[in-house]
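Those letters in the sequence shown? Residues 19 to 241, by our numbering.
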Amino acid sequence: MRIILRADSGFARDELMDWCETNKVDYVFGLARNPRLERQIAPAMEEASLLSQASAQATRVFRDFLWSTKDSWTRRRRVVGKAEWTLLGANPRFIVTSLKSERWAAQTLYEDLYCARGDMENRIKECQLDLYADRTSAHTMHANQLRLWFASLAYVLICALRRLGLAHTRLAEATCGTIRLKLLKIGAQVRVSVRRIKIAMASACPYADEFALAHARIRAAAR
Numbered sequence: 019m020r021i022i023l024r025a026d027s028g029f030a031r032d033e034l035m036d037w038c039e040t041n042k043v044d045y046v047f048g049l050a051r052n053p054r055l056e057r058q059i060a061p062a063m064e065e066a067s068l069l070s071q072a073s074a075q076a077t078r079v080f081r082d083f084l085w086s087t088k089d090s091w092t093r094r095r096r097v098v099g100k101a102e103w104t105l106l107g108a109n110p111r112f113i114v115t116s117l118k119s120e121r122w123a124a125q126t127l128y129e130d131l132y133c134a135r136g137d138m139e140n141r142i143k144e145c146q147l148d149l150y151a152d153r154t155s156a157h158t159m160h161a162n163q164l165r166l167w168f169a170s171l172a173y174v175l176i177c178a179l180r181r182l183g184l185a186h187t188r189l190a191e192a193t194c195g196t197i198r199l200k201l202l203k204i205g206a207q208v209r210v211s212v213r214r215i216k217i218a219m220a221s222a223c224p225y226a227d228e229f230a231l232a233h234a235r236i237r238a239a240a241r
């Protein structure tokens, strides 16, 4: 299994990158900008500025180079610089990575791999806010880990419900919180007999059709 770590500039530390390189774990970390880095992409920034002025639109130019800090890194590493000129002016950004340029071109690496980190953070936030993954106030680490596992399992199950049961419905793109509220956190009468469980929903339930469709699809998928 191949592992690629994606994180912001707070994780671009020599100890972590050295560990990743030693253990064959690839990484793409944000890198805080500084005058030395900005000088590396100064010609590209000038190019982006001219292109932006000519097109009246934001323009990006990417540069790929080897770089090291003055004293905190033990070796030079691959850095990708995004020289972007927006309608508000310069917007340089940098990332450091262990991935090779032969397989990951600078622009593809930045836009397709690193920027996807933002969506990943949204999914983590969804799990925290909608499924209470942030409730880790127990006195022991193992108890908190178990709580986090429960929240993660709930997230996987609801994502499966959305993918298998709610495709092409009003809830096809719904968040976990919306699915909980509209389909799971509703009033119903449950009757349990020897051979079956009957659920009677209110006739005015606005998502009764989606509930029935999701139930039928999940039953079919489980066969």
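The beta carbon of each residue, even a glycine, is placed where N, CA and C say it ideally should be. This structure is a prediction, so every number in the text was calculated from the model and none was measured.
Which residue from Pro110, Leu105 and Ala60 puts its Cα closest to that of arginine 51?
Pro110
For methionine 159, count the other beta carbons within 10 Å of its own beta carbon; 16 or more makes it buried, fewer makes it exposed. Which is it?
exposed
Residue range of the alpha helix (DSSP H) that glycine 195 falls in?
194-197
Starting from aspartate 44, follow the beta strand (DSSP E) in both directions and report where the run begins and ends.
Unbroken beta strand (DSSP E) run through aspartate 44: 44-48.
Candidates Asp89, Lys88, Ile142 and Lys118, of which the one nearest valine 98 by Cα:
When each option's Cα is compared against that of valine 98, the closest is Lys118.
Cβ-Cβ separation, leucine 171 to alanine 151 (assumed contact under 8 Å), whole Å:
Actually they are not in contact, since the Cβ atoms of alanine 151 and leucine 171 sit about 11 Å apart, beyond 8 Å.
With 16 other Cβ atoms within 10 Å as the buried cut-off, status of phenylalanine 83
exposed
Cβ neighbour criterion (16 or more within 10 Å) applied to leucine 106:
exposed
Segment contact, 8 Å Cβ cut-off, at least three pairs: the segment 41-60 with the segment 71-87:
yes
Straight-line CA distance for aspartate 26 to isoleucine 142?
15 Å
Determine the DSSP secondary structure at glycine 183, reduced to helix, strand or coil.
Secondary structure of glycine 183 (DSSP, three-state): helix.
Look at the alpha carbon of serine 221 and the alpha carbon of leucine 23, and state the distance between them as a whole number of angstroms.
49 Å
Look at the alpha carbon of phenylalanine 29 and the alpha carbon of isoleucine 113, and state the distance between them as a whole number of angstroms.
11 Å
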